[in-house]
Every structure is written in structure tokens, then in C-alpha cells.
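Worksheet: the structure to be examined is printed underneath.
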Amino acid sequence: MTHTSEPSTPMPTAAAATATIDLKDLGTVHRLGFGAMRIVGDGVWGEPRDPARAVAVVRRAVELGVDFIDTADSYGPDVSERIIAEALHPYPEGVRVATKAGFTRQGPNRWIPVGRPEYLRQQAELSLRKLGVETLDLLQLHRIDPKVDRDEQFAELAALQAEGKVRALGLSQVSVEEIEAASRHFTVSTVQNRYNLTDRSAEDVLEFCGERGIGFIPWAPMSAGELARTGGPVDRAAARLGATASVIALAWLLRRSPVMMPIPGTGSVDHLEDNMAAAALHLDDVTFAELDEAGRAAAEAARTRDGGR
Numbered sequence: 001m002t003h004t005s006e007p008s009t010p011m012p013t014a015a016a017a018t019a020t021i022d023l024k025d026l027g028t029v030h031r032l033g034f035g036a037m038r039i040v041g042d043g044v045w046g047e048p049r050d051p052a053r054a055v056a057v058v059r060r061a062v063e064l065g066v067d068f069i070d071t072a073d074s075y076g077p078d079v080s081e082r083i084i085a086e087a088l089h090p091y092p093e094g095v096r097v098a099t100k101a102g103f104t105r106q107g108p109n110r111w112i113p114v115g116r117p118e119y120l121r122q123q124a125e126l127s128l129r130k131l132g133v134e135t136l137d138l139l140q141l142h143r144i145d146p147k148v149d150r151d152e153q154f155a156e157l158a159a160l161q162a163e164g165k166v167r168a169l170g171l172s173q174v175s176v177e178e179i180e181a182a183s184r185h186f187t188v189s190t191v192q193n194r195y196n197l198t199d200r201s202a203e204d205v206l207e208f209c210g211e212r213g214i215g216f217i218p219w220a221p222m223s224a225g226e227l228a229r230t231g232g233p234v235d236r237a238a239a240r241l242g243a244t245a246s247v248i249a250l251a252w253l254l255r256r257s258p259v260m261m262p263i264p265g266t267g268s269v270d271h272l273e274d275n276m277a278a279a280a281l282h283l284d285d286v287t288f289a290e291l292d293e294a295g296r297a298a299a300e301a302a303r304t305r306d307g308g309r
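If you read the sequence shown in UniProt numbering, its first letter stands for residue 1, the second for the next number, and so on.
Okay, here's the thing in C-alpha cells:
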């Protein structure tokens, strides 16, 4: 992405207090970012109820030190990318905007993967236009389309990178084997899979990313389920440390792995500021271990209820 100006206001610490990660082909960013899915309408569909507030949330994220923003062409669709550009263009030095392509929308909460090479190229070109840049910082394949040869999808992303339209490439909701397959076409910078205290289905993917220095972006990062109930382990930790349950869940993720990059999303400035408090909260060994054990037990119980899947 072409950056042309410095931030207009000094940035407080907040997210900038987190450790950094050096992403392949992209550079260094702080590990606590911002997910821009919730700045659009209900069901991730249409315009936000309060467009001015959506713009304010994005701007406040950067003021708080966020330098990694995650969005997608399908958020709205098209709305999230446009709001980000309205809020930040020309982008402050060092701020990276990651986007995704490969999901189509048919209505609120409806998603269908489309990975035809010509479609992926079209969406990348449109994202360049909506974000107002000459090069996308990070383009992630939102889903591998099972109806299209995956090597064709990977090859098209590699071609976009070779042409200078994209700096770095990533994947979303993939297995270790699929990461290895994509790696034969391009360097995988990030992987975005569902992962949180009580959902460890991507544990093997996280370990793989950690071994290879691939940024791991957990979606649904703050889900804690029954662990956040009154008197539960997350609730007890929150009371002891003077934090919210969401902050505890995010702090646990940040400590879980040095390649972990949570991107909590919200359409509220107040919730954003609360989430960013996780940057300065370091869980002690006992609290981390207690949460980890409780989370693994909850994940195993859920897996058993689902028939071992």
C-alpha cells in the first residue's frame, strides 16, 4: 500500500504495547489488530446504522496504536473497505490493511465461496480501487472454493503478487495440508482460522504456523462460552485482574503463541477501547495455565458432543 502521510494526531500506547511480529513479504506489525467486519450492517450486510460512528471507530483504532486492520470485499459487501478508505486515506505511515477475496454474498449471513481465477483477479482490482491504493498490503483467500482446482486459485494469487498488485498473500480456514499446497505457489504470510479459548480445532494449524513464522489470525477470538459465566475461570480472572472477560480472552491468545494476531472487531468506540486494554495485560503463569486447562476441557467436551468431529 502506498503511504503518503504521517498520522494527524499522536498515537497513545494501547495496541502499540503489544509485541510485534515480522510478517513475510509485509514487514513488522503489532500483534493486536482490528477486525473491520462489524463496522457494516447487521448480518455483515449493507451499510452501518451510523456511518459516522463506523468511521470514528476505524480512526480511533489507529489512534490507539493499531497498525494492522483486517477486512474483506464481502463485508457489506464492499462497505467495510470503503469505510476504511474514508477514515484513513491517505493512510498513516506503517498502517497495513489486509483484505480477503473468494466469498460472495447473497444476503445477511449468507456466504458462498467462489474461487475462479478471473473472479479473484476482479475482486483484487476492485479492492485496489475501493481502498484507494496501488498495491494491496495483504490479500487473503477467504475460502478455497471446492468447485475450482485449488492450484488454479493459488496460481492466480501468485500472479497478482508477481505483477505488484499485492505485497503479501494469506489463507483463511485451511488445514496444514492446504497451507503446504499453497506454499508451492507463494509464500504464505498469514493464516486466518477460527480459534479461541474453547475452540481448539485449529491447534495443529497454529503449531505449524508457529514453527514456520506464519502469522496466525484467530477469528471469533473472544468466544469463551461457559468459561465466562459468573464464577467461571474467565470471570474469576477478570475480577482478580480488574478486566473484562473479553480482555482476558484476548490476553490469553496473545500469550498462547508469538505468531498469534487477534483482530477483535466492533462497531463501538467504547468496546474498541476496552479490547485494546488486552495489549497491556500480561497473564501470570497460574492464570494462563488455569484458563488453558479449562479451555481444553471445554473444547474436548464440545468435540464429544459433536460426535468426535
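Ideal placement from N, C-alpha and C gives every residue a C-beta, glycine not left out.
Terminal residues of the beta strand (DSSP E) in which residue i lies
i, result
"isoleucine 217", "215-219"
"arginine 167", "166-172"
"valine 191", "188-194"
"leucine 141", "136-141"
Cβ-based burial, residue i [other Cβ within 10 Å; buried from 16]
i, result
"valine 133", "buried"
"arginine 229", "exposed"
"asparagine 156", "Going by the sequence as given, residue 156 is glutamate instead of asparagine. It is buried - the Cβ of glutamate 156 has at least 16 other Cβ atoms within 10 Å."
"leucine 253", "buried"
"threonine 9", "Reliability fails at threonine 9, whose pLDDT of 40 lies under 50, so the model's placement of it is uncertain and no value is given."
"valine 57", "buried"
"isoleucine 112", "exposed"
"proline 48", "buried"
"lysine 130", "buried"
"arginine 82", "buried"
Simplified DSSP state of residue i, which is helix, strand or coil
i, result
"lysine 100", "strand"
"threonine 30", "For the record, residue 30 in the displayed sequence is histidine; it is not threonine. Here histidine 30 sits in strand by DSSP."
"aspartate 50", "coil"
"threonine 244", "coil"
"isoleucine 69", "strand"
"arginine 60", "helix"
"proline 113", "strand"
"methionine 276", "helix"
"proline 264", "coil"
"proline 258", "coil"
"arginine 105", "strand"
"proline 146", "coil"
"glycine 35", "strand"
"glycine 76", "strand"
CB-CB length for residue i against residue j, believed under 8 angstroms
i, j, result
"leucine 141", "leucine 26", "The pair is not a contact, with the Cβ atoms about 16 angstroms apart (cut-off 8 angstroms)."
"isoleucine 144", "glycine 115", "6 angstroms"
"phenylalanine 208", "phenylalanine 186", "About 17 angstroms; that fails the 8 angstroms criterion."
"valine 40", "valine 79", "4 angstroms"
"isoleucine 263", "glycine 43", "About 19 angstroms separates the two Cβ atoms, so there is no contact after all."
"arginine 31", "threonine 18", "5 angstroms"
"leucine 206", "serine 175", "At roughly 12 angstroms, the Cβ-Cβ gap does not stay under 8 angstroms, so leucine 206 and serine 175 are not in contact."
"asparagine 275", "leucine 241", "Going by Cβ atoms, the distance from asparagine 275 to leucine 241 rounds to 15 angstroms, so no, they are not a contact pair."
"threonine 190", "glycine 295", "The Cβ separation is near 23 angstroms, so there is no contact."
Span of the alpha helix (DSSP H), counted from its first residue to its last, around residue i
i, result
"residue 390", "This structure gives no information on residue 390, because the portion of the chain shown stretches from 1 to 309."
"glycine 295", "285-305"
"arginine 150", "150-162"
"valine 176", "176-183"
"aspartate 204", "203-212"
"leucine 88", "79-88"
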